[in-house]
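Below: one structure, written as structure tokens.
In my numbering, the protein residues as written are 225 to 1455.
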């Protein structure tokens, strides 16, 4: 028996036993063990963590094979068990036919006739693992007859709580799944909204049909795909716990917002197709009633209790019991054969009556323990529990998923409770009120629902009566929990509590006052508990105004305050341990895990680098040194150094050795940050590149650092002392990505020239040039074994190349925008990609199919990276967030939300009385220049705003956004009058024509559009640029339009016919702004090449080049008389230029980040009348500054209120130094 035969047999017996094939980690363990590798060697080869393989998957695999083979199996003897099965398969070919799951390309044994089963696309979701199953033979036969033979379209499995519906459904599906092409199990226990459910089901259905896994955005589109899938494929959809979406107060009615499920049931039951929907519920959905019948395609099966024999078998699984057949029958019959009730009674019988059935019957006959239904039984059991046991039931209900004992211990408030915890959990296990899988504890659905309802009622009563107890001992929301868990806690615990309170108190003001009264009570005698955090979360849910709230001296634990305005809130001397606040992230350009996966580094558009601890999302360190966008961050192989590269042409090496990371105590983080060792120190700055540095990579041994730049070169640096060892020319465009091969002998590079190069690291020469992409190649990465190279391009494709031959053997298509980043998981079987289309995709490397689409970001995803064990994927996006994803489930575990009011654009009204600004927080703001205050916020855009322009009549404002739209606003009342759709990328610039009838817009879709302002029609689309169109402006006579682009050119267009009149060449990098002089004869342009240029509009000659700025120049504007030009730069300065002489007259300093926009007020700066001539600048530092251009004096700084403006954190504990820095950046104070 060779390796292939062994894998074949293992897959066959597992399929026969469990109805599934071995997954990739199980295959890795099996193959490693067959080659006599240790767990350590298997972990190293496969890329999975040692603990995951040795303590989790390995033992479960041997146990599964033991059950499947029917003999003792371990890592040392499993080969013999598989050989027995193999020999048996050679003798009995018919068994092989039913078990064969061998790969299609593999040859079967010569003596066996092998039938390869059709592939089953299965997703078991939250289905339970049934280790014991008693009776139900007749039920299984009937249900199989209905579903398989009679091909019913809907089967409703109904019964009271605890009767065993879910268990029976699992067993049934295991038996019949081979009759279907697609099997999807979903539980509604946590009440997912209908569209959310659809989005989890459709990807597998689409994949089974060979379609892209992208789910349509509209509900109609999603339903169309579902209908199509149910017709084209034989699908089995299972919906467990349907009663959760039904109204508790009205029979067969749906909870508000869940009515669409009813339409689904009606349609699946009433429309012909070849699939089946199996649902379990305590109630029959009303849509089933008119469709069901013995001869119809819709059936209902009312599940009754176990018979006495099965009930007795269930009892014996709990221990030894003594009783006659008659006694057993009476006991089982008394409890209606309800499996959960019998398990609970079995535990009581063991505890109180030493397993005697006669004694428990005698107890029942005396009138005790007689229950009308399972809820009465649970209530009786609950009433008998100790205080700590009740606490644990509530705690497990709050956690919503299996949890470790250590985590339960950590969440307890008192030491006394912690001491009693182990005994309490043992007691609950004996009573069958809780379940245990591995080291984690959880609740059965019925018990979960009961405990949740009990908790909701308890908290409601405590608030209404002003007598908090559970409010102190339990956190209703775990602020640091996984994102999807926290959302369930809000939906299923906080929301029902709030609804009941609103019914009780009526007016929201009364309820708010009741909650605030409880806070005041807590302030009278502050104690370390969850009360203040819970009340704060409820107030946030009720959207209460918390401005100025006094929470000083309180323990504010587990409060989710990330998107909450806390201006003026007093947290003086408060304990904020485990509470979560907003971050200062702007657009996240880069993410990277350290080698052990404990830290995540993030680089953003504002030049800041953040380090977060992965286990709980705590910020550990924030460093700043770059003056531009951080395009890449990467850890050295030993994890001690972090390298970063930036728009500012520099590479920096940072000390990131942070002690005590394994402990989650915030005091340890404070101590680490305050110790004599100063993590975050810049160890070295590498200079040499003459343009922005796109990419960096450490060699596997950590001795070399490679970098790629827009100067079209690659540099190799000594990572220890920072010296440049070599410069590798060859690319004819900027170098966007570099990666070392795993053995360090090769370097791959990608560039704007659409090529990929493979270099010999030792010889510093090009070995191969790979061609195939049609546009920029933005990313390359080697597979872990070094045999494959993946590349992603602005042409929207991913290509897989054989490194040895340089041949592209597969092209992956699916993204609808640029592919910005790629990352292989540690075993090389999965490739993650990110894109401008705001999605992350997971690809099967072997067959090139996309098997998972991760959606949640709302703008371009710049970067993805797997953690070292491949279980978590990080992504960073232009939507001001970074996310951590569970790779297996595709759910978002944690989101790091950014918050910034950085100013992208400013524009004066014609009379100078109003200033419009657009910023990264997606708001247009109108400023009253007389009062020098913000007069109005204009919400509507869903992503940052690149540009604003005020109409010549002063009554309209146009705004351009990352959300691909232009909006027109009424200045007087702030209404959005019109949304202009048409661009397929970010809209980066807008400008009104002098007569106000036409609006021009520029986009990164490489086009310029002209719009009719009156009706919003697109009049013309101007094509010609080969890169982003960054800027547009009209000439003073309105006849000519100028545009600047990423392609390093400026174009002049005839507005009347849209023809390009002239192309101006000279800049060597992106052209970010264009401005006509007031007489229209001169055009000023600024560029990321650090220069400002003046051009003669008539003949296109470059008149002057000004190079005084030390970084890219983002904006330029002429004074009204045309004598002066102002320019703003990434070097954080504004320069005033004498146009006639071409000299710099003044340098205005004061901004602490890049200057994004400048504009002169309509007042002529040459006037000496003291009429308040102004120059206005907007910066990423969130400020607008008003300058006297004559003296260079900063007259005023305007700033919109930040999220935490004036929030007092003096003496607050539970915050790391990094957190305090962040809070202060968002407006917090310490006094």
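C-beta atoms are modelled at their ideal positions from N, C-alpha and C, and glycine is treated no differently.
Just so it is clear, the structure is predicted and the values come from calculations on it, not from any experiment.
Anticipated Cβ contact below 8 Å, residue i with residue j, distance rounded
i            : j            : result
residue 1298 : residue 1306 : 11 Å between Cβ atoms; not a contact.
residue 1378 : residue 1401 : The pair is not a contact, with the Cβ atoms about 11 Å apart (cut-off 8 Å).
residue 975  : residue 957  : 5 Å
residue 701  : residue 784  : 6 Å
residue 1163 : residue 1093 : Going by Cβ atoms, the distance from residue 1163 to residue 1093 rounds to 41 Å, so no, they are not a contact pair.
residue 207  : residue 625  : In the structure as shown, the chain starts at 225 and stops at 1455, and residue 207 therefore has no counterpart that could be examined.
residue 817  : residue 1098 : 7 Å
Residue i classed as buried or exposed, judged by whether at least 16 other C-beta atoms fall within 10 angstroms
i            : result
residue 669  : buried
residue 909  : exposed
residue 1409 : buried
residue 685  : exposed
residue 1255 : buried
residue 330  : Here residue 330 scores only 36 on pLDDT, less than 50, and its place in the model should not be relied on; the value that follows carries that caveat. So residue 330 ends up on the exposed side.
residue 752  : exposed
residue 1421 : exposed
residue 1105 : buried
residue 546  : exposed
residue 1417 : exposed
residue 422  : buried
residue 340  : Only weak support exists for where residue 340 lies, its pLDDT of 38 falling under 50; the coordinates are left without a value.
residue 218  : As displayed, the chain neither begins before 225 nor continues past 1455, which places residue 218 out of reach and without an answer.
Residue(s) in a DSSP beta bridge with residue i
i            : result
residue 1381 : 1402
residue 1181 : 1174, 1193
residue 1076 : 1066
residue 1142 : 1129, 1148
residue 963  : 972
Minimum C-alpha distance to residue i - residue among the options
i            : options                : result
residue 799  : 776, 818, 356          : 776
residue 880  : 1350, 837, 412, 1191   : 837
residue 851  : 868, 839, 835, 795     : 868
residue 368  : 298, 502, 1314         : 502
residue 1036 : 1018, 1425, 1067       : 1067
residue 1329 : 1342, 1313, 1322, 1321 : 1313
residue 1352 : 1345, 1363, 1346, 1371 : 1371
residue 679  : 663, 665, 664, 696     : 696
residue 1272 : 1265, 1282, 1264, 1288 : 1288
residue 1315 : 1338, 248, 738         : 1338
residue 364  : 345, 352, 253, 398     : 398
residue 1497 : 984, 671, 1169, 1132   : Summary: the structure shown does not reach residue 1497, with the chain confined to residues 225 through 1455, and so no result is reported for it.
residue 1001 : 1175, 548, 1043, 987   : 1043
residue 450  : 406, 470, 413          : 406
residue 1210 : 1228, 1222, 1199       : 1228
residue 703  : 1236, 581, 1265, 623   : 623
residue 662  : 719, 629, 563          : 629
residue 936  : 922, 918, 806          : 918
Boundaries of the alpha helix (DSSP H) in which residue i is found, first to last residue
i            : result
residue 1095 : Run containing residue 1095: none; DSSP gives neither H nor E here.
residue 682  : 669-689
residue 654  : 639-654
residue 1168 : Element bounds for residue 1168: n/a, residue is neither H nor E.
residue 533  : 532-540
residue 741  : 732-748
residue 425  : 418-432
residue 387  : That residue, residue 387, is in no alpha helix (DSSP H); it is neither H nor E in DSSP.
Residue i, enclosing beta strand (DSSP E) - first and last residue
i            : result
residue 1411 : 1408-1411
residue 843  : 843-848
residue 813  : 812-817
Cutoff 9 Å: residue i Cβ touching any chain B Cβ
i           : result
residue 769 : Any reference to chain B falls outside this structure, which holds one protein chain only.
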